[in-house]
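Under this note's numbering, the first residue of the sequence shown is numbered 1, with each subsequent residue one higher.
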Amino acid sequence: MVTPEQQKWVVKLLGYDYEILYKHGRENSAANALLRVTGFPTLNVLFVSQAQIWDEIKKAAIGNAYMEQIGKLASTKSGLPTHGVMVFHVSLLKKKIGDSSASCLDLPPITDDGAITMEPEATLDIRWIKKRSKFFEENLVKWKRLPIEDATWESAQELQVKFPTLNLEDKVLEKEEAENQSDQKTSKRQIAPFHKKRNIGYQNIIVSKYMMGDSEGSTLSTNMKENLGDSNSFSILKDHGSYGIAGALIVAIVIPILLSILLTGKRKSKQRGVPVQVGGEAGLAMRNARSVKLVEVPWEGATTIAALFEQSCKKHAQERCIGMRKVTSKESVTANDGRKFEKLHLGEYQWETYGQVFERTRNFASGLVKLGHDVDTRAAIFSETRAEWLIAFQGCFRQNITVVTIYASLGDDALIHSLNETQVPTMICDAKQLKKLSAISSSLKTLRNVIYFDDEETSAGSSANQDIDNWRISSFSEVEKLGRDSPVQPRLPIKTDNAVIMYTSGSTGLPKGVMITHGNIVATAAAVMTVIPRMGSKDVYLAYLPLAHVFELAAETVMLTAGAAIGYGSTLTLTDTSNKIKKGTKGDTSALKPTLMAAVPAILDRVRDGVLKKVDEKGGFAKKLFNIAYSRRLAAIGGSWFGAWGLETLLWDIIVFKKIRSILGGEIRFMLCGGAPLSGDTQRFINICMGAPIGQGYGLTETFAGAAFSEWDDKSVGRVGPPLPCCYIKLVSWEEGGYTVTDKPMPRGEVLVGGCSVTAGYFNDDSKTREVYKVDERGMHWFYTGDIGRFHPDGCLEIIDRKKDIVKLQHGEYISLGKVEAALMSSNYVENIMIYADPFHNFCVGLVVPSRQVLEGWAREAGIKYKDFSELCNKLEAINEVQQSLSKAAKAAKLDKFETPAKIKLLPEPWTPESGLVTAALKLKREQVKSKFKNELQELYE
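What follows is the structure, given as structure tokens:
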């Protein structure tokens, strides 16, 4: 590219699958501009003639051995001319052009900021699109100075507004005229599908003129019209008999197999993360391969969550935003064991538009101020997930109020600590938490205002607090009305202001408050938007996880950014068979039919176990059919020739998997998974049975969930993907643990996250902040996660260990192994103990070296007979006795249930320094114990 005008015009090529080649030291405004563009395939900016570029593309496509074989086979069997060629990528659908100087003579005018000034020339076609219950006219517009193949479908109403003086209806090109303007002689009705699919990726399409000469392209196009026809694309079967059948088989079976294998190889070789030079501690750093510079915002001007939400609401004002279901009736059901359960009958989802939700947030923000809450202060939200949670959350930002989020399941001590430490004057909660607050009111020093969400329990909740004179208790609707009647001018934040202080559940002691800025939230949302394909207002997201958890809060922020609809549900009403769903009532998934959904591994495990249980119950032919279908699809995912391909995949989906997919509504196209490691078996099961890829993410509260995220086309398991475009991930060697960045075949080390998503630190805890947050010489903030990871050759991260002895269980609870071991050592039966927690399970187990004297004394009193101490350790009575002792010790230490080992193994041999299992100071060598007794640990989880 030579002139600045040419460099700006190159943006026109966005949408083609090239890579950026940036030549350092050369003035290249095109590359600089493109590096800031997100959400599109990248572009290869080459300093050569355009003719040479197209020749190289043509040579690469036609010279590929696989492409030649597919092309020859398809041409022969389908009756196509011998000079035709099959290609499978839209980047090849470009007319071969001649000398580059000729192609740049008539460039369109460009504004100072690089935007192309376009003007319609004629209407090629008209169609009517149904949106909801209304029909809207769209015109296929040919633009001035652009070839006819670049025509696009545009809203007739928007065209009239933008170009009021033009009357395109008088400028409709006849078919012959359109063909004369196009070198391809492609009919106007053949243009539309190309534009509709140009950004989708790989397509099974036959190219006519784009990679061949004029006469060749004309011949192939004419031949296709004769064979396929405009009205019936299968008429070729009638015309060619057996050739048509053979061609159909090739299209249905052979080509999908070849294409899938080709694409599988491409996915495996695709570079998703690439090394990057950064400052700070020495190590190996990676960035996302699609973004050279860190992504900070989804679009210009959206630097805070307040600005992002307002702009999204204006853009999608008439689209659905949030939906809730009302309880229409309740009934009590008595189980066989005498226990009573409440069952709910829920109505259909009731929706509010983005415009309506934005108006409610403005009213709530004004109401807060009128209630006496000062701007630039803090307010807490203490509630289960619901639509009002989100409205209150966004409303606070209209007055630059920092939101303190607290788990609804948090204990009294942690709750008091969180509220007093942040000195919040206002609490926003539901009726259930309102009752909990009343019990600890005397311990809350700064709380003055309590706002409760309106529901059927609020009358009882408010009456329980009538005697609290120093609190002003108001309903959510009252605050909204107060703000609606007396609006207040907003006081908007900047990106460095704290948006949230999120209190984590913690592993030891009291929870820590993580300070999350507006810039952190926006950066993560912008980065995830580049990962999930084609996300927009047609998507429906099911929200049921705790909004006080960073995973759900980040997910809903992404949905608001995309303009998706968010329907709120509950884990107890999720499916038609959930605990609180009345028989005959639809669960949340059946009523909502979501297209996007977030889940933690424990929920996906339950879905898998539930399906397999139903299959086992049916047995017989149904079970055999399921097993055959599953194994065939599993083989295909693994790239085997003997898996289910083409029409067979569709057959199994209809016969076997369609009913299974109805469990989650039947419309899921992408699932987000985080919060804990997901087992490979469960991931494959969801991929096959639910028909949806899973984006497994890795992130922490300290990075606002933004660290790594597996891409939609990555079919591997056990990995968490490349770094998100908003951050870098670095591995630094941990010599003590034996993990180094020079390890072969993959570098390993402690995981550090640096970039726009890294939060500001811990609230009122500078010492802990300095311990895990570092700033390098370039000013970049790094968070030391304590996790051990390794980089795969394609740049994807896999978490393999934990530097500290803190493990996150499957349900997301953290267990401190050292704390549990110290508590259980108080048992008289324990001489030494090691607690082990597998992150793919929701319980821990223990290896216990019992006190020989104490255990043998118990055995004599109990009349237990045994030959030697080893036999005694294997007796069930002895194991149960020690297990009960450990439970008592755990209870005395106030350990949670998940911190008490569910199973134990008694080991007769003591651990000594000579055995290598403890140090000279008798400290446990955890890795050595795990290695020696790995079989015993595995048996405890069976």
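All residues carry an ideal CB built from backbone N, CA and C; glycine is no exception.
Small disclaimer: the values here were computed from a predicted structure and weren't measured.
Residue environment for Asp681: exposed (fewer than 16 other C-beta atoms within 10 angstroms of its C-beta). Cα atoms of Gln884 and Thr900: separation of roughly 11 Å, rounded to the nearest angstrom. The DSSP-derived three-state label of Glu154 is strand.
In the structure shown, Lys293 falls within a coil segment according to DSSP collapsed to helix, strand and coil. Here Asp374 has Pro425 as same chain residues with Cβ atoms under 8 Å from its own Cβ, once five neighbours each way along the sequence are excluded. The region 787-804 makes no contact with the region 656-674; the number of CB pairs closer than 8 Å stays below 3. For the set Glu856, Tyr814, Ala822, Arg378, the Cα lying nearest the Cα of Phe840 is the one of Tyr814.
A contact between stretches requires three or more CB pairs, one per stretch, nearer than 8 Å, and the region 732-745 fails this requirement with the region 708-719. Closest in alpha carbon position to Ser870, among Trp858, Gly863, Pro850, is Pro850. Using a Cβ distance threshold of 7 Å, Met834 and Val929 count as a contacting pair. Contact between the region 520-529 and the region 699-706 is present, with at least three C-beta pairs closer than 8 Å. Annotated as distal: Gly283 and Lys804, with beta-carbon spacing of 7 Å or more. Counting the other Cβ atoms within 10 Å of the Cβ of Glu939 gives fewer than 16, which makes it exposed. Rounded to the nearest angstrom, the gap between the Cα atoms of Tyr773 and Pro793 is 28 Å. Rounded to the nearest angstrom, the gap between the Cα atoms of Pro147 and Val141 is 11 Å. In the structure shown, the three-state DSSP call for Glu777 is coil. Minimum Cα-Cα distance from Lys314 among the listed residues Leu390, Tyr349, Tyr354, Val558 corresponds to Tyr354.
Taking the Cα of Gly755 as reference, the smallest distance to any Cα among Ser915, Leu937, Val775 is reached at Val775. Per the coordinates, the alpha-carbon of Ser418 lies some 35 Å from the alpha-carbon of Lys330.
Within 10 angstroms of the beta-carbon of Gly916 lie fewer than 16 other beta-carbons, which makes it exposed. At the C-beta level, Ala285 and Val276 come within 7 Å of one another. Counting only runs of 3 or more residues that sit fully inside the region 399-438, the beta strand (DSSP E) segments are 402-405, 426-429, in chain order.
Nearest in C-alpha terms to Thr577, of all of Lys586, Ser570, Ser827, is Lys586.
The region 302-313 makes contact with the region 489-498: 3 or more CB pairs, one atom from each, lie closer than 8 Å. Measuring C-alpha to C-alpha distances from Glu359 to each of Lys481, Val848, Ile654, Arg448 identifies Lys481 as the nearest. Within 10 angstroms of the beta-carbon of Arg778 lie fewer than 16 other beta-carbons, which makes it exposed.
Spatial neighbours of Thr561 in its own chain (CB-CB distance under 7 Å, excluding positions within 5 residues in sequence) are listed in chain order as Pro298, Leu308, Ser312, Ala525, Met529. Counting C-beta atoms within 10 angstroms of its own C-beta, Gln433 has 16 or more neighbours from the protein chains shown and is therefore classed as buried. DSSP places His316 in the coil class of the three-state scheme, outside both helix and strand. In the assembly as shown, Pro745 is an exposed residue. Its beta-carbon has fewer than 16 other beta-carbons within 10 Å.
Leaving aside the five residues that flank Thr517 on each side, the residues in its chain whose CB is nearer than 8 Å to its CB run, in chain order, Lys495, Thr496, Asp497, Asn498, Ala499, Thr759, Ala760. Fully contained in the region 726-754 are the following beta strand (DSSP E) runs of length 3 or more, in chain order: 727-732. Taken through DSSP and simplified to helix, strand or coil, Met502 comes out as strand. The count of Cβ pairs closer than 8 Å, one atom from the region 676-696 and one from the region 713-729, reaches three, so the stretches are in contact. By the criterion of a C-beta distance shorter than 7 Å, Thr573 is surrounded in its chain by Leu344, Leu346, Lys580, Ile581, Gly587, Asp588, once the five residues flanking it on both sides are discounted. Relative to Arg608, the option among Val854, Phe898, Glu478, Gln683 whose CA is nearest is Gln683.
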